[in-house]
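Per full-length UniProt numbering, numbering of the sequence shown is gapless, rising by one per residue and ending at 480. Virtual Cβ for every residue (Gly too), placed ideally from N, Cα, C. First up is the structure itself, then whatever we jot down about it.
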Amino acid sequence: MLPVAAALALSGCTTGSEEADEHYIKLSDAVCTFTEDGGEAQIIEVRANPEWSFESGASWLKVSAGEGSTLEVSVDPNADGERNAEITLQAGEATASIRVYQLGARGLSARYRLLEQLNSAVMSPSGRYVGGFYTDVLGENGFQYTAVVIDLETDKWHEFGPYPETLFGFTEAEVVTDQGVLYISDSTNGGCVAFDLDGTYTVPKSIAGYGPLVMQSSSVDGSVMVGYTEGTPYGCMYGPVKVVDGEVKPLPLPEEGNFRNEEWWAGILARGMSADGSVVYGTSWENYDYGMAYWDKDGNVDWVGSDLRTVTTVQRPNPLDGTLYDYNIVNGMICWANQTQISPNGTWIAGTYRTEEYDKENDEVLQANYPAFFNTETKTTTVFDEYAGCVAMGVTDDGLGLIGIQGMGVNSGFIVDLASKTKVDDMLPWIRSEFGIIISEGAIHYLTPDRQKVFGAKLRYEQNGAVTTLYWYVAPALNN
C-alpha cells in the first residue's frame, strides 16, 4: 500500500469482500510511461477491498474504469516538455498511487524520475540499473519488504516480494551491479541478501569462521566487489574485504593503528572502488572518527590525504581523578558512508578534510570541516577551504567535484573544477544546462563515467520533525 495525501471522491468499483476486515489495494503496475503522441491506452489490474475509487491528478491524464477490475489509462498528446502526474486510489482506509510519465517533444534528450516509493536506492556503476526497496505495513505491528531493480534502458521495474520481516529486515540498499544484482542489508539475519533479475535470492558467503558479509560496491563487469565482514583476522569488530570472482579476501589495515594511531578495535569498512576494482577506499569505524583509508592498485593501504595528515599528542585531564592522559588530535580526511566517492578510474577520491584543535581551558577538541579531493597518483590533496562546513560527495575522472551543502542532511550543492579550483555551477542549474531537465530541489550523489546519467536525492521534512530521503535519477530519453 502506497501512502498518498490526495482526497478521493470519484468513480467506485469493488473487487473484494465487504465483510473482510483488511483494507488493501494491489496493482499490476505502479508506473506507466507514454510517448509524446500519447500512444495506446494501458490497462492496469486492480485488486482491492472494500469498494475502491480513483482520481486523475491532471487534465491531460485520462482514467476510466475498464472491463472487470481494471483501469484504462491514456494521455493527451504532449507538445511541451516531459510531464508526470499521479492516479490516486482509495479503498476504505487503504490508499495507493500510480505514477504516469509522458515524454516531451523530441527535442528533449533526457528524462527525470522521482522514486518516492523507495525507502533506499543506489545506482549501478555505469547507470544501467537503480536498485532499492519499499516497505509496507503487515498486520498491526509488522512490516513486509519488496526489493526493486529498475532497468534504466526501459524504465521497467523488476519487483521481488513482498517478504515478511521474519524472513528479511531490509535496512539499506547497498549496491546494485551493472548485471542487475541488488544487495540489501538485512537486520533480521545480519549481513546482506542478493537478488538476481529472475527473483532468485542468495546470501553472500563470508570468510569461514567470521560473521556475515555486507557488500558495498561492484566493478563494472561484476567480477570484483568490496565490503566488510563482522569479525576479522585482526580481532576487530569489522574488517574490509575484497571479493574477486566469489573468493573473499581480507584487506590489510594501516600498520600504525587507527585514525588516531591507537590500537585497532572496531576496524574499517570498505565502501567503494574504481570501475575496474583496482583502487578501493573505506571508513574507519572507531571513536566516530570516520577516518578515510584507501588501497592502491598494488594492494598497499594508506590514509586518504596522507600529504596533509598530522597527528599531535596532547594531554587531557581524566574527569574521574584529574590525572593527565595522552590524546591524539588529527588533521586528516574523513568521509560519510557513501559508495560513490571515488572517480571511475580511481585517480580521485572525494572526502572531507577535518582539522582539530585542542582547547585546553574547556577541555574540548574543536573541529572544522572542508571539502577535499585526494589524487591517488600524485598523492596530493586539493582542499576547498573557502567552503567550510561542506562535504565532497563525488568526483569524475576529469576532475569535476561534487560538493554538498550540509544542513539536516545534504539537499543542495555545487560543482567545482579541481584543476582551476573554481566553482562551475550549482548542481541543479548544471543539470538543466546539460540535460534540459528542471529539478526543484536535491543534490547530485553520482555521475556515471559517461555523464549520461545522474543519481541524486532530496530531503522531505515531515511534520513530526523526521527527515525522509527521496531518490531520483536523470537518464537519456527512452526511444519508444
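Query, Result
"Closer than 7 Å by C-beta to Ser-343: which residues in its own chain qualify, once you throw out the five before and the five after it? Chain order, please.", "Val-395, Thr-396, Asp-397"
"Rounded to whole angstroms, what's the CA-CA distance from Thr-33 to Leu-152? Just pull it up for me.", "13 Å"
"Go ahead and label Ile-268 buried or exposed: buried means 16 or more other beta carbons lie within 10 angstroms of its beta carbon, across all protein chains shown.", "buried"
"If you check the beta carbons only, do Ala-477 and Leu-103 fall under 7 Å apart?", "yes"
"Would you kindly work out how many angstroms separate the C-alpha atoms of Tyr-461 and Val-304, rounded to a whole number?", "34 Å"
"Determine the direct distance from the alpha carbon of Trp-430 to that of Val-424, and round the result to whole angstroms.", "8 Å"
"Taking only the alpha-carbon atoms, compute the straight-line gap between Glu-364 and Pro-319 and give it to the nearest angstrom.", "13 Å"
"Taking one C-beta from the region 267 to 284 and one from the region 211 to 225 each time, how about it: are there three or more such pairs within less than 8 Å?", "yes"
"Below 8 Å CB to CB, which residues in the same chain sit around Glu-19 once its five sequence neighbours on both sides are set aside?", "Only weak support exists for where Glu-19 lies, its pLDDT of 46 falling under 50; the value from the coordinates is given anyway. Nothing listed; no residue qualifies."
"Within the region 384 to 445, note down every full beta strand (DSSP E) run reaching 3 residues or more, in order along the chain.", "391 to 395, 400 to 406, 410 to 417, 422 to 426"
"Roughly how many angstroms separate the alpha carbons of Pro-164 and Tyr-134, rounded to a whole number?", "12 Å"
"What beta strand (DSSP E) runs, 3 residues minimum, are completely inside the region 89 to 142?", "94 to 102, 110 to 115, 120 to 123, 129 to 138"
"In chain order, what are the residue ranges of uninterrupted beta strand (DSSP E) at least 3 long that sit wholly in the region 189 to 251?", "192 to 195, 213 to 218, 224 to 230, 238 to 244, 247 to 250"
"Going by CA-CA distance only, name the one from Val-175, Asp-245, Leu-459, Tyr-290 that's closest to Gln-339.", "Val-175"
"With a threshold of 8 Å on Cβ separation, who are the neighbours of Gln-341 within its own chain once the five nearest residues in sequence on each side are excluded?", "Arg-271, Gly-272, Tyr-281, Cys-335, Ile-349, Ala-350, Gly-351, Ala-392, Met-393, Gly-394, Val-395"
"In chain order, what residues of the same chain lie with their CB nearer than 6 Å to the CB of Gln-463, ignoring the 5 residues before and after it?", "none"
"So residue 518 and Asp-289 are in contact, right, with Cβ under 8 Å, and what is the actual spacing, rounded?", "Only positions 1 to 480 of the chain appear in the structure, and residue 518 is not among them; the question remains open."
"Go ahead and pull the three-state DSSP assignment for Ala-366.", "Note on residue identity: the sequence assigns Leu, not Ala, to residue 366. Note: Leu-366 maps to strand in three-state DSSP."
"Within its chain, find whatever has a CB closer than 7 Å to the CB of Gly-92; leave out the 5 residues flanking it on each side and keep chain order.", "His-23, Pro-50"
"Where DSSP assigns a beta bridge to His-158, which residues make up the other side?", "Val-149"
"Using the three-state DSSP reduction, which class does Gln-463 fall into: helix, strand or coil?", "coil"
"Ignoring anything shorter than 4 residues or poking outside the region 284 to 330, list the alpha helix (DSSP H) runs there in chain order.", "none"
"With DSSP as the reference, label Thr-382 as helix, strand or coil.", "strand"
"Grab me the residues of Leu-324's own chain with a C-beta within less than 8 Å of its C-beta, minus the 5 sequence neighbours each way, in chain order.", "Gln-315, Arg-316, Pro-317, Asn-318"
"Using the C-alpha atoms, what's the distance from Ser-217 back to Phe-168?", "21 Å"
"Between the alpha carbons of Ala-6 and Asp-76, how many angstroms are there, rounded?", "Bear in mind that the predicted position of Ala-6 carries a pLDDT of just 31, short of 50, making it too unreliable to give a figure here."
"Check whether the Cβ atoms of Val-467 and Ala-443 sit closer than 7 Å, and answer yes or no.", "no"
"Which two residues bound the contiguous beta strand (DSSP E) that contains Phe-34?", "31 to 34"
"In chain order, what residues of the same chain lie with their CB nearer than 8 Å to the CB of Glu-116, ignoring the 5 residues before and after it?", "Arg-99, Leu-470"
"Helix, strand or coil for Ser-11 per DSSP?", "Confidence in Ser-11 is poor, its pLDDT being 40 and thus under 50, which makes the residue's placement unreliable; the coordinate value appears in the next sentence. Note: Ser-11 maps to coil in three-state DSSP."
"Report the option in Asp-450, Thr-422, Arg-83 whose CA atom is closest to the CA atom of Glu-434.", "Asp-450"
"Would Glu-36 be called buried (16 or more neighbouring beta carbons within 10 Å of its own) or exposed?", "buried"
"Where residue 494 and Ser-74 are concerned, what is the direct C-alpha to C-alpha distance, given to the nearest angstrom?", "No answer is possible for residue 494: it lies beyond the span of the chain, which begins at 1 and ends at 480."
"Quick one: using the 10 Å Cβ neighbour count with 16 as the cut-off for buried, is Thr-14 buried or exposed?", "Its pLDDT being 48, under 50, Thr-14 is placed unreliably by the model, and the measurement read from it follows with that caveat. Thr-14 comes out exposed."
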